[in-house]
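Everything in the sequence shown is counted per our numbering, starting at 2 for the first residue and increasing by one. Here a beta-carbon is modelled for each residue, glycine too, at the ideal position from N, C-alpha and C. Since this is a predicted model, take the numbers as computed values, not measurements. Report on one structure; see the data block that follows.
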Amino acid sequence: MAVFRVERTRDYTVMSNYHLKDTGLTLKAKGLLSMMLSLPDEWNYTTRGLASICKESVETIGKTLRELESAGYLTRR
2 MAVFRVERTR DYTVMSNYHL KDTGLTLKAK GLLSMMLSLP DEWNYTTRGL ASICKESVET
62 IGKTLRELES AGYLTRR
């Protein structure tokens, strides 16, 4: 499989690989957390807000957020 590299001049995200290597997380949880980490700090982190930019339903987003919460990657206030 070929790997395509691009010049990183703008609009890219740098994050730790820690959650990506966690074998206890589903691929869906890894993807949602990666997407959340790429969003600006002032983003509306609600299930509806996240579902509006994903192909998943509000219910699926909620279930995935609970998975991330139980794994210690997410705390809610």
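**Prompt:** Considering only C-alpha positions, which residue in the set 57, 47 and 52 is nearest to residue 75?
**Reply:** 47
**Prompt:** Beta carbon of residue 20, beta carbon of residue 33: below 8 Å?
**Reply:** no
**Request:** Take residue 58 and list the residues in its own chain whose beta-carbon comes closer than 8 Å to its own, dropping the five residues that flank it on each side.
**Result:** Cβ contact annotation for residue 58 (same chain, cutoff 8 Å, sequence separation greater than five): 52, in chain order.
**Item:** Rounded separation between residue 70 and residue 14 - CA only
**Value:** 22 Å
**Item:** Runs of alpha helix (DSSP H) wholly within the region 34-65 (minimum 4 residues, chain order)
**Value:** 48-52
**Item:** Buried versus exposed, by CB contacts within 10 Å (16 or more), residue 26
**Value:** buried
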